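> Handing you this structure, nothing more for now.
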Amino acid sequence: MMSRSKSHWQPESFSHPSWSSYDGPFLEVWNKWWNQKGKGDKLIAGETIALESLAGADLMETQGKFYIREHHVRLYEHLCERATHMRCGGVVLSGQPGTGKTYFLFFLLLKKLAKGEPVIFSPDRRQVLYFASGGVQWNKDITPFDLGPLIPKSPLDRTWALINSDEGDRLSPPTALVKAPMFSVQATSPRTSRYKDWVKQRNADTSFVPRWTREELSQVVKLASELPNLSDSERESLIDKAISRWGWAPRDIITYLCGEEDKLETALANALFSLTSSRLLDRIHDREGDSDDKLSHVIVSTYKSSTTNKVVLDLKSQYIAYCAQQQLDFLHRDEALRFITYCRAHRESSALAGWAFENYCNFPLLDAFYLVLDHENRHAEVVVLQITISLTHKGSAKGYPFLERLKGHLQTMDAKRLTPVDKRQKQPTWSVSFAYHLVVPSSEVEGDRTVTWSFPGKFPESISGPVYIQVVSSQVPTLVAEEDASFFDEDDE
Numbered sequence: 094m095m096s097r098s099k100s101h102w103q104p105e106s107f108s109h110p111s112w113s114s115y116d117g118p119f120l121e122v123w124n125k126w127w128n129q130k131g132k133g134d135k136l137i138a139g140e141t142i143a144l145e146s147l148a149g150a151d152l153m154e155t156q157g158k159f160y161i162r163e164h165h166v167r168l169y170e171h172l173c174e175r176a177t178h179m180r181c182g183g184v185v186l187s188g189q190p191g192t193g194k195t196y197f198l199f200f201l202l203l204k205k206l207a208k209g210e211p212v213i214f215s216p217d218r219r220q221v222l223y224f225a226s227g228g229v230q231w232n233k234d235i236t237p238f239d240l241g242p243l244i245p246k247s248p249l250d251r252t253w254a255l256i257n258s259d260e261g262d263r264l265s266p267p268t269a270l271v272k273a274p275m276f277s278v279q280a281t282s283p284r285t286s287r288y289k290d291w292v293k294q295r296n297a298d299t300s301f302v303p304r305w306t307r308e309e310l311s312q313v314v315k316l317a318s319e320l321p322n323l324s325d326s327e328r329e330s331l332i333d334k335a336i337s338r339w340g341w342a343p344r345d346i347i348t349y350l351c352g353e354e355d356k357l358e359t360a361l362a363n364a365l366f367s368l369t370s371s372r373l374l375d376r377i378h379d380r381e382g383d384s385d386d387k388l389s390h391v392i393v394s395t396y397k398s399s400t401t402n403k404v405v406l407d408l409k410s411q412y413i414a415y416c417a418q419q420q421l422d423f424l425h426r427d428e429a430l431r432f433i434t435y436c437r438a439h440r441e442s443s444a445l446a447g448w449a450f451e452n453y454c455n456f457p458l459l460d461a462f463y464l465v466l467d468h469e470n471r472h473a474e475v476v477v478l479q480i481t482i483s484l485t486h487k488g489s490a491k492g493y494p495f496l497e498r499l500k501g502h503l504q505t506m507d508a509k510r511l512t513p514v515d516k517r518q519k520q521p522t523w524s525v526s527f528a529y530h531l532v533v534p535s536s537e538v539e540g541d542r543t544v545t546w547s548f549p550g551k552f553p554e555s556i557s558g559p560v561y562i563q564v565v566s567s568q569v570p571t572l573v574a575e576e577d578a579s580f581f582d583e584d585d586e
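The following block contains the structure:
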């Protein structure tokens, strides 16, 4: 690889009046890292780097430290190769807030400083810092004219511009930082409006943050500034619970470990309030599209596959998937009931009303069965559910053989688990009974109406049982699901 030569176009400092001398916390970073090739050799995967001067500012959440991932090293090598191609204007690194994109920019900054190579770093739209042999300068209203001296003689001389896009900033980065001759590296959330224009104009690449590994999470959470005093086993157990509830983003996991789960719950509740199935499907279909912040950051996880390098979309965690399902269940039923109410006012719409009711009932219930088990008396009751809106329902004989097979299975369901002692004691087989529930809307049984369930053909005596009418209210109760949600609650022990 060619070595970088000293060129007159690389100024020790800018003389243009728009640039000012900088004496903030990044000056100490420059003092300790500029042209320190020995330190640069230590920027390897698995290392934790301390930048004490940033502990009260840009790296406050991690006590002025950041953890180097294997992904950082591999992506840096890829960027070095892409920067040699003048037609490539740079790379966008996309990922949800809290997944470590800013850490990668700090890694790149130190790589450049340790080599003694000038670099531009924009921690936010309000300031642009220029690091060179003469120190650090800053510019708050940068224009392409301010970067005129950085025109390269060759691709090896291109100055990198490291751009961190704020979470709340919906604008593209300053134009000067994504114009030629810069090699721009922008870290941003999955909102294409922040980068699509310059990516298209400059033929830039787009990459996504891969999901953190379990081992990496164990290391990065130790850097949290407000982490409670925990033993290693306690901390690891809490990390597992945090992943199950909130996903793999380090910031969410640290928030959970610091006892601030209420912040995560509030953000989730706000996101679920505006969630619809159509919005979720749109996000899934348009994987790299301009996503809604609440949906993309709180409910959906976007990351790069470790095997195919393609973009993977998933719900962030098991708990969030459960909450989203509950919300969509409620919306589907609410929409179906409104549709039924509308159709019942018009006689010609009765078929549509029937279709809506079938969907309304079938979504939570299905044409199904459930079991009531009495282990003490070794008895199983099979409750068969059939949903209809007809006053006279003619069932199907196709279910008879299935129910008979089910009965045979239940009678001997624990035979394989019997011990020799149990077999000598001749444990009795399970007795099985059946009950049939015809589910109908409450409007069908009002007044003197009679509902009939006609069983076809010869009903097998072996699966016979009482028949009941089960009325479904037309009012959707408030969805609480406390018992189901308790599955995700922590034990108090």
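Under the working numbering, the residue at position 333 of the sequence shown is numbered 426, and the numbers go up by one with no gaps. Every residue, glycine too, gets a C-beta built ideally from N, C-alpha and C. Computed from a predicted structure; not experimentally measured.
1. Could you tell me which residues DSSP pairs with Asn232 in its beta bridges?
2. Just list the alpha helix (DSSP H) runs in the segment 324-367, keeping only unbroken ones of 4 residues or longer that don't cross its boundaries, in chain order.
3. Taking DSSP as the reference, what is the three-state secondary structure of Glu154?
4. Using a Cβ-Cβ cut-off of 8 Å (strictly less than) and excluding sequence neighbours within five positions of Trp112, which residues of its own chain qualify?
5. Between the Cα of Glu319 and the Cα atoms of His171, Ser399, Thr155, which residue gives the shortest distance?
6. Bridge partners of Thr141, per DSSP?
7. May I have the straight-line CA-CA distance separating Phe214 from Leu316, to the nearest angstrom?
8. Whole angstroms is fine: what's the gap from Leu459's alpha carbon to Gln479's?
9. Give the range of the beta strand (DSSP E) segment to which Pro534 is assigned.
10. Let's see if you can read the secondary structure: which residues bound the beta strand (DSSP E) around Asp298?
11. Return the residue from the list Thr177, Thr141, Glu145 that minimises the CA-CA distance to Phe276.
12. Go ahead and pull the three-state DSSP assignment for Val184.
13. Of the residues Leu203, Gln411, Phe366, Ile336, which one's Cα is nearest the Cα of Trp127?
14. For Ser409, which three-state DSSP category applies?
15. Based on DSSP bridge pairs, tell me the residues matched to Glu474.
16. Using 8 Å for Cβ pairs, my map puts Lys397 next to Phe301. What's the rounded Cβ distance?
17. Three or more C-beta pairs closer than 8 Å, one from the segment 180-187 and one from the segment 321-341: is that the case here?
18. Can you have a look at Asn402 and say buried or exposed, based on whether 16 or more other CB atoms are within 10 angstroms of its CB?
19. Can you name, in chain order, every residue of its own chain whose Cβ lies under 7 Å from the Cβ of Leu361, other than the five neighbours on each side?
20. Look at the Cβ atom of Leu365, then the Cβ atom of Gln420, and state whether they are nearer than 8 Å.
21. Going by DSSP, what residue range makes up the beta strand (DSSP E) through Phe276?
22. Which residue wins for smallest C-alpha separation from Pro637, given the options Met506, Pro104, Arg307?
23. Here's the rule I'm using: 16 or more other beta-carbon atoms within 10 Å means buried, otherwise exposed. How should Ser258 be labelled?
24. Based on Cα-Cα distance, which residue from Pro534, His468, Pro553, His530 lies nearest to Arg498?
25. Can you name the start and end residues of the beta strand (DSSP E) that Leu255 belongs to?
26. With distances taken between CB atoms, is the gap from Val185 to Leu255 smaller than 8 Å?
27. What does Thr485 pair with, by DSSP beta-bridge criteria?
28. Around the C-beta of Lys551, are 16 or more other C-beta atoms found within 10 angstroms, so that it is buried, or is it exposed?
29. Please report how far the alpha carbon of Pro521 lies from the alpha carbon of Ile556, in whole angstroms.
Straight from the coordinates:
1. The bridge partners DSSP lists for Asn232 are Val221.
2. With a minimum length of 4 residues, the continuous alpha helix (DSSP H) runs that stay inside the segment 324-367 are 325-339, 343-350, 354-366.
3. If DSSP states are grouped into helix, strand and coil, Glu154 belongs with the helices.
4. Result list for Trp112: Ser106, Tyr223, Gln230, Trp231, Asn232, Asp239, in chain order.
5. Of the candidates His171, Ser399, Thr155, the one whose C-alpha sits nearest the C-alpha of Glu319 is Thr155.
6. Residue pairing from DSSP places Thr141 in a beta bridge opposite Tyr160.
7. Phe214 and Leu316 have their C-alpha atoms some 23 Å from each other.
8. In this predicted model, Leu459 has a pLDDT of only 43, less than 50, meaning its place in the structure is not dependable; the value taken from the coordinates is given anyway. Near 8 Å, if we compare the C-alpha coordinates of Gln479 and Leu459.
9. According to the DSSP assignment, Pro534 belongs to the beta strand (DSSP E) that extends over 524-534.
10. Per DSSP, the continuous beta strand (DSSP E) segment holding Asp298 begins and ends at 298-301.
11. Here the closest residue by C-alpha is Thr177.
12. Reduced to three states, the DSSP call for Val184 is strand.
13. Trp127 has its Cα closest to that of Leu203, out of Leu203, Gln411, Phe366, Ile336.
14. Looking at the sequence itself, residue 409 is Lys, so the reference to Ser does not match. Shown here, Lys409 sits in coil according to DSSP, grouped into three states, outside any helix or strand.
15. In the DSSP output, where bridge partners are listed per residue, Glu474 has Val465, Ser526.
16. With a contact defined as Cβ atoms closer than 8 Å, Lys397 and Phe301 qualify at about 4 Å.
17. The segment 180-187, when compared against the segment 321-341, does not touch it at the 8 Å Cβ threshold.
18. Counting Cβ neighbours within 10 Å, Asn402 comes out exposed, since fewer than 16 surround it.
19. Non-local beta-carbon contacts of Leu361 in its own chain, meaning distances under 7 Å to residues more than five positions away in sequence, involve Val391, Ile413, Cys416 in chain order.
20. Note that the C-beta distance between Leu365 and Gln420 is below 8 Å.
21. For Phe276, the enclosing beta strand (DSSP E) starts and ends at 276-281.
22. Past the boundaries of the shown model lies residue 637; the chain is included only from 94 to 586, so the question cannot be answered.
23. With 16 or more other Cβ atoms within 10 Å, it is buried.
24. Of the listed residues, the one whose Cα sits closest to Arg498 is Pro553.
25. If you look at Leu255, you'll find it in the beta strand (DSSP E) that goes 253-257.
26. In this structure, Leu255 does not lie closer than 8 Å to Val185 by Cβ.
27. Per the DSSP secondary-structure output, Thr485 pairs in a beta bridge with Thr545.
28. Under a 10 Å Cβ-count criterion, Lys551 is classified as exposed, with fewer than 16 other Cβ atoms of the shown protein chains found around its own Cβ.
29. About 20 Å.
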